[in-house]
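Notes for the one structure printed next.
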Amino acid sequence: MARPRGNRDWWPNQVDLSVLRTNQPGTAPLPDGFDYAAEFAKLDLEA
621 MARPRGNRDW WPNQVDLSVL RTNQPGTAPL PDGFDYAAEF AKLDLEA
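Heads up: the sequence shown is residues 621 to 667, going by this note's numbering.
What follows is the structure, given as structure tokens:
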């Protein structure tokens, strides 16, 4: 009986993305307390 095929069977040379799953405080691009909604409201969407 054959085993089901997984992603590794179809794409054996995948890029290792595990480093992107780490949530360390020093990796945040914006400071704590950054208000995404307020900054989004400042955008001129028609431009």
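Quick reminder that beta carbons are idealized off the backbone N, C-alpha and C, glycines included.
Fully contained in the region 630 to 662 are the following alpha helix (DSSP H) runs of length 4 or more, in chain order: 656 to 661. The three-state secondary structure of ARG623, taken from DSSP, is coil.
For ASN627, the CB contacts under 8 Å within the same chain, skipping 5 residues up- and downstream, are GLN634 in chain order.
Straight across, the Cα-Cα distance linking LEU640 with GLU666 is about 33 Å.
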